[in-house]
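Right, one structure below, let's go through it.
Residue numbers (the numbering used here), protein chains in the order written: chain C, 17 to 381; chain Z, 7 to 96.
Printed below as a string of structure tokens:
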């Protein structure tokens with residue numbers, strides 16, 4: 017019998033829980049009603065739920081729950097040290113929490129938080145406190161080669177820890193690109209060969225790329241995928257070289273969301289966006305594209321999705337695959353779920369607030 | 007002592023928040039007092055550098071405070087202080 021995960025939907029007006037009850041998927045409860053939930057993370061080691069709130073007036077806040085949302089505890093947000101400065105020379109302050117990841121099963125108290133304006137924070141006490149990882153903040157490329165993408169400052173939206181070696185992990189920065197460390201974050205190397213930065217005078221720069229989301233296959237972590245501002249890319253050698261696997265003509269290229277199959281390095285899904293000037297569903301019709309051959313070919317699925325006058329796009333953290341379920345939420349508050357790999361979608365809601373992030377509460381299985 | 011009152015919006019995070027009397031000499035001192043009685047409230051009003059958050063405002067009497075960076079505006083015993091935020095957006 018299929019064991020279903022709970023899904024958490026972070027929206028601009030609250031955190032919604034989706035459960036399968038009696039064979040029917042439904043929204044069962046809402047946390048933080050009225051508040052903007054900008055990021056959600058579930059620590060698969062402990063089962064702790066984390067919710068980042070981006071209050072318009074009161075600043076970024078961070079909450080965690082150890083009882084699956086029955087109660088929430090406010091915890092201290094990462095704080096930039098006094099000496100941390102922006103390019104402008106002004107003091108760096110936390111603008112937004114963009115990503116979280118755990119530090120590996122062998123380091124149960126370690127957590128990472130990726131932020132804007134470009135700081136990666138580490139906690140070694142389970143999230144009670146966070147420290148800026150100065151090695152990355154002081155990377156010589158930050159001052160002149162990192163820049164904001166649709167935001168005032170660069171931000172770290174992806175943190176990918178190697179399940180085989182917790183000292184080995186990647187981050188992705190918009191805009192700078194992918195960086196890799198093999199020593200737990202002491203030293204960093206850019207991993208952007210093969211990527212294209214079409215918006216720069218030199219599209220093949222080492223640093224200055226705009227990965228929208230970076231993921232690694234759980235079964236084969238050397239296989240990396242990214243939905244990038246300039247296409248879809250895949251690496252089979254840990255980021256040493258990226259192959260452009262964007263579709264041609266009407267097939268996927270631009271977008272934000274990406275999901276991959278944890279047990280098969282050839283299967284992925286993306287949700288196309290028309291282009292970076294309009295940012296609506298292509299032809300005003302919503303679809304999901306799947307590859308089962310590592311990006312050599314793409315298949316478009318639209319059954320159950322709106323096919324006219326549809327302005328929805330899907331943000332980078334708003335598509336998730338868990339078990340046999342694919343789920344995504346859109347910028348216009350629609351929520352869709354598929355139980356057959358995306359071939360058909362059922363509508364869970366047409367009246368949520370803007371969906372910022374979705375997450376599954378159970379580990380990959 | 008100065009009388010300090012708060013926007014209703016803050017009370018959803020700090021349910022016990024009510025009008026208080028304060029002997030603080032400056033806004034910075036006042037926030038220090040508040041943090042002792044309502045841990046975490048300072049982070050709602052100022053950023054990690056201690057500067058007032060963009061949409062938070064504090065009135066002393068009928069005047070908005072002038073120093074939003076160091077919060078050095080002085081408070082006298084007969085002042086009424088109001089801490090609120092400019093609600094905006096959808």
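Each residue gets a CB set at the ideal place from its N, CA and C atoms; glycine is no exception.
- By the neighbour-count criterion, in which a residue is buried when 16 or more other Cβ atoms sit within 10 angstroms of its Cβ, residue 180 of chain C is exposed.
- With respect to the 9 Å criterion, residue 333 of chain C and residue 296 of chain C are not classified as neighbours on the basis of their beta carbons.
- For residue 160 of chain C and residue 131 of chain C, the gap between their C-alpha atoms comes out near 18 Å.
- Among the CB atoms of chain C, one or more fall inside 9 Å of the CB of residue 60 of chain Z.
- For residue 50 of chain Z, the nearest CB of chain C lies under 9 Å from its own CB, placing it at the interface with that chain.
- Within chain C, 75, 109 have C-beta atoms less than 7 Å from the C-beta of residue 53 of chain Z, given in sequence order.
- Just measuring C-alpha positions, the residue of C/358, C/74, C/110, C/221 sitting nearest residue 284 of chain C is C/358.
- For residue 38 of chain Z, the nearest beta carbon of chain C is not closer than 9 Å to its own beta carbon.
- Per DSSP, reduced to three states, the secondary structure at residue 250 of chain C is strand.
- C-alpha of residue 125 of chain C to C-alpha of residue 183 of chain C: approximately 14 Å in a straight line.
- Counted as a single uninterrupted DSSP element, the alpha helix (DSSP H) harbouring residue 158 of chain C occupies residues 158-161.
- Looking at the DSSP output, residue 75 of chain C shares a beta bridge with C/71.
- With contacts defined as CB atoms closer than 9 Å, residue 325 of chain C and residue 361 of chain C fail to qualify as a contacting pair.
- Contact of residue 96 of chain C with chain Z is assigned, a C-beta pair being separated by under 9 Å.
- Our two residues, residue 268 of chain C and residue 67 of chain Z, have alpha carbons roughly 59 Å apart in a direct line.
- With respect to the 9 Å criterion, residue 231 of chain C and residue 176 of chain C are classified as neighbours on the basis of their beta carbons.
- If only uninterrupted alpha helix (DSSP H) runs of at least 4 residues are considered, none is enclosed by the stretch 235-298 of chain C.
- The beta-bridge partner set that DSSP reports for residue 27 of chain Z consists of Z/9.
- DSSP places residue 376 of chain C in no alpha helix (DSSP H) but in the uninterrupted beta strand (DSSP E) bounded by 371-376.
- When DSSP states are grouped into helix, strand and coil, residue 56 of chain Z belongs to the coil group.
- A check of alpha carbon separations from residue 109 of chain C across Z/90, Z/58, Z/8, Z/84 identifies Z/58 as the nearest.
- Chain-order list of chain C residues neighbouring residue 22 of chain Z: empty, with the shortest C-beta distance near 15 Å, by a criterion of under 8 Å.
- Shortest Cα-Cα distance from residue 233 of chain C to any of C/39, C/178, C/84 involves C/178.
- Under the Cβ distance rule, residue 19 of chain Z counts among the residues neighbouring chain C, one pair being separated by less than 9 Å.
- Residues of chain C with a Cβ closer than 8 Å to the Cβ of residue 46 of chain Z are, in chain order, 90.
- A straight-line Cα-Cα distance of about 5 Å links residue 36 of chain Z and residue 30 of chain Z.
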